[in-house]
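Contents: one structure, followed by commentary.
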Amino acid sequence: MRREKQLSGQLFRAVCLGFSALLLVAALFGQIRLVKTESRMESLENAIADAENERAVLQIRLNEALPLEELERRAVQELGMRHPEPGQIVTTEYMG
């Protein structure tokens, strides 16, 4: 009887130790996954910041660009350009 209790106690300790080891490994994998996720989030946040900066630069360039009416006025009055006649327009198809 005493021997059975000793084996039962040792088995219980072995199961507890195995379960603890399993929990520790699971926690480590969870931590690794968390670090990878945080790193990915940081990369995405940097990409968003870059895109927002590029958008701001493009918005400034757009605001500084000439309106189409002004561009057309300059082309006609300053450069002597004209709209094409219907016979001068050639349509091509792209077969890419």
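Numbers 192 to 287, taken from our numbering, label the letters of the sequence shown in order.
Every residue gets a Cβ at the ideal spot worked out from N, C-alpha and C, and that includes glycine.
1) Once the 5 residues before and after residue 214 are set aside, which same chain residues still bring their CB inside 8 Å of it?
2) Let's see if you can read the secondary structure: which residues bound the alpha helix (DSSP H) around residue 240?
3) Establish whether the CB of residue 206 and some CB of chain C are separated by less than 8 Å.
According to the structure shown:
1) none
2) 193-255
3) In the structure shown, chain C cannot be found, because there is only a single protein chain.
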